[in-house]
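Last residue of the sequence shown: 438 in UniProt numbering, with the numbers rising by one and none dropped.
Glycine included, each C-beta is placed from N, C-alpha and C at the ideal position.
Bear in mind the structure is a predicted one, so any value in this text is a computation, not a measurement.
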Amino acid sequence: ALMITLIFFWVLAILISYLLSRWSMRPIITAWRKQRDFSANAAHELRTPLTVIQNQLEYLLTQPKSRIVDQVDEVSTALDEVRHMQTLTNRLLTLARSDSNVTQFNPSQVDLHPWFTEVLRPYVEIANSQQKSFAANVTAEGKAQLDTDLIRQLLVILLDNAIKYTPENGRVGVDVTRVKDTVQIAVSDTGAGIADEDKQKVFDRFYRTDKSRNSKTGGNGLGLAIAQWVVKQHHGKLTIKDNQPTGAIFVAVLPVK
Ligand code: ADP
């Protein structure tokens, strides 16, 4: 009987220590898995444009006698892919830095109305060149502490998406308002919008909805992960609402003193 009791407690001790170790190891294992997936996805995303560039250059090598002006298509395809890779590597770098503990938040005093008006100015042309309209409505006045580099990145990501995911003749808009102790940035479009089940997932790294994966919009699923990080650095919140009758509205609420 003593033997059985001893074995029983021995097995119990092993079981408890196993469960404890699994429980305490879980965050480490999850973080490690995330890191592994991140590297694998990053390598995968970089491979596609590299293959295109390689193909174009190899093709050009088979035509050594022709002049570069005769090869504009091949060169511009390669250049497009280089630009794509540039965006991708910049975004990967931003996310890698956001994972490290190095502080990246450099707020400065911003005069809201002139600053936002200036930053948003180029978007009329960008949207119009893609047959979409753009309207900025900046009513926020006064000064606030914001990290201008990060907010600029946030606007680029949200506005590029709004333009990208809106069909021709669609409308993209941005409202910058001051509501009590917050600055609110709302970017709206008249595209297909985002289904309820995707409203959280789109902030995950490399996540793209089926619709955009199947279309040729050429994204990589990193923009919104960065957008959310930028808003978090400001202790704010980034949410998605439905536009009426169709489209998405991304609302960043940034607390300011
Ligand atoms: P991507 O580079 O693919 O645009 P993001 O992280 O910026 O990556 O966005 C993730 C996904 O969220 C997109 O692939 C798209 O499916 C969806 N999405 C983002 N913005 C919009 C929008 N304005 N309208 C519809 N879908 C959007």
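Discussion item. Quick check: is any heavy atom of the ligand ADP less than 7 Å from the C-beta of G374?
Written reply: Locating residue 374 in the sequence shown gives position 193, counting from the first residue. Yes - the ligand ADP has a heavy atom lying nearer than 7 Å to the Cβ of G374.
Worksheet item: Does the segment 341 to 355 come close enough to the segment 372 to 382 to have 3 or more Cβ pairs within less than 8 Å?
Response: yes
Item to complete: Could you give the DSSP three-state label for G399: helix, strand or coil?
Response: The residue given as residue 399 occupies position 218 in the sequence shown. Correct three-state label for G399: coil.
Practice prompt. Check K418 in the structure and name its three-state DSSP category.
Written response: Here residue 418 refers to the residue found at position 237 of the sequence shown. K418 falls in the strand class under three-state DSSP.
Worksheet item: How long is the line joining the alpha carbons of I234 and E226, rounded to whole angstroms?
Response: Reading the sequence shown from its first residue, position 53 is the one you call residue 234. Reading the sequence shown from its first residue, position 45 is the one you call residue 226. Spanning the two alpha carbons is a distance of roughly 14 Å.
Worksheet item: Within 7 Å: the Cβ of I338 and any heavy atom of the ligand ADP?
Response: For the purposes of this step, residue 338 is identified with residue 157 of the sequence shown, where counting begins at 1. Yes, Cβ of I338 sits closer than 7 Å to a heavy atom of the ligand ADP.
Worksheet item: In chain order, which continuous runs of the beta strand (DSSP E) of length 3 or greater are located wholly inside the segment 241 to 289?
Response: none
Discussion item. For a test of your reading of the model: does the CB of A429 fall under 7 Å from any non-hydrogen atom of the ligand ADP? Yes or no.
Written reply: In the sequence shown, residue 429 corresponds to position 248, counting from 1. A429 Cβ: within cutoff of the ligand ADP.
Discussion item. Tell me the rounded alpha-carbon separation between M266 and L327.
Written reply: The sequence position of residue 266 within the sequence shown is 85, counting from 1. The sequence position of residue 327 within the sequence shown is 146, counting from 1. Approximately 29 Å between the Cα atoms of the pair.
Worksheet item: Which class does R389 belong to by DSSP, given the choice of helix, strand or coil?
Response: As a first step, residue 389 must be located in the sequence shown, where it is residue number 208. Here R389 sits in coil by DSSP.
Item to complete: Would you mind sorting R272 into buried or exposed? The rule is 16 or more other CB atoms within 10 Å of its CB.
Response: Looking up residue 272 in the sequence shown gives position 91. It is buried - the Cβ of R272 has at least 16 other Cβ atoms within 10 Å.
Discussion item. According to DSSP, is A321 part of a helix, a strand, or is it coil?
Written reply: To locate residue 321, count along the sequence shown from 1; it is residue 140. Coil, per DSSP.
Worksheet item: Looking at V355 and A317, is the spacing between their C-beta atoms short of 8 Å?
Response: As a first step, residue 317 is located in the sequence shown; it is residue number 136 there, counting from the start. As a first step, residue 355 is located in the sequence shown; it is residue number 174 there, counting from the start. Cβ distance < 8 Å, so A317 and V355 count as in contact.
Discussion item. I need the boundaries of the alpha helix (DSSP H) containing Q334, first residue and last residue.
Written reply: Within the sequence shown, numbered from 1, the residue matching residue 334 stands at position 153. First-last of the alpha helix (DSSP H) with Q334: T329 to K345.
Fill in: C-alpha gap between A408 and D280, whole angstroms
Within the sequence shown, residue 408 is the residue found at index 227, counting from 1. Within the sequence shown, residue 280 is the residue found at index 99, counting from 1. About 14 Å.
Worksheet item: Is DSSP giving S310 helix, strand or coil here?
Response: By one-based count along the sequence shown, residue 310 stands at place 129. In this structure, S310 counts as coil in the three-state DSSP scheme.
Discussion item. Just checking N271 against the ligand ADP - is the residue's beta carbon closer than 7 Å to any of the ligand's heavy atoms?
Written reply: Locating residue 271 in the sequence shown gives position 90, counting from the first residue. No, since every heavy atom of the ligand ADP falls outside the 7 Å radius drawn around the Cβ of N271.
Worksheet item: Can you give the Cα-Cα distance for V432 and V305, rounded to whole angstroms?
Response: Here the question's residue 432 lines up with position 251 in the sequence shown. Here the question's residue 305 lines up with position 124 in the sequence shown. Looking at the two C-alpha atoms, the distance is approximately 20 Å.
Discussion item. Checking 8 Å against the spacing of the C-beta atoms, do L238 and A259 come in under that value?
Written reply: Here residue 238 corresponds to residue number 57 of the sequence shown, with the count starting at 1. Here residue 259 corresponds to residue number 78 of the sequence shown, with the count starting at 1. In contact: L238 and A259 (Cβ atoms closer than 8 Å).
Worksheet entry | Proximity of G323 and R359 at Cβ, strictly below 8 Å | Numbered from 1 along the sequence shown, position 142 holds the residue referred to as residue 323. Numbered from 1 along the sequence shown, position 178 holds the residue referred to as residue 359. Taking a C-beta distance under 8 Å as the contact criterion, G323 and R359 qualify as a contact pair.
Item to complete: Just mark Q312 as buried or exposed, buried being the case when its beta carbon has 16 or more other beta carbons within 10 Å.
Response: Numbered from 1 along the sequence shown, position 131 holds the residue referred to as residue 312. Residue burial annotation: Q312 is exposed, with fewer than 16 other C-beta atoms found within 10 angstroms of its C-beta.
Worksheet item: Terminal residues of the continuous beta strand (DSSP E) containing T363?
Response: For the purposes of this step, residue 363 is taken as residue 182 along the sequence shown, with counting starting at 1. That run of the beta strand (DSSP E) goes T363 to S369.
Discussion item. For L293, which residues in the same chain have their Cβ closer than 8 Å to its Cβ, ignoring the five residues on either side in sequence?
Written reply: Numbered from 1 along the sequence shown, position 112 holds the residue referred to as residue 293. Hits under 8 Å: V319, A321, E322, G323, K324, A325, V357, R359 and V364.
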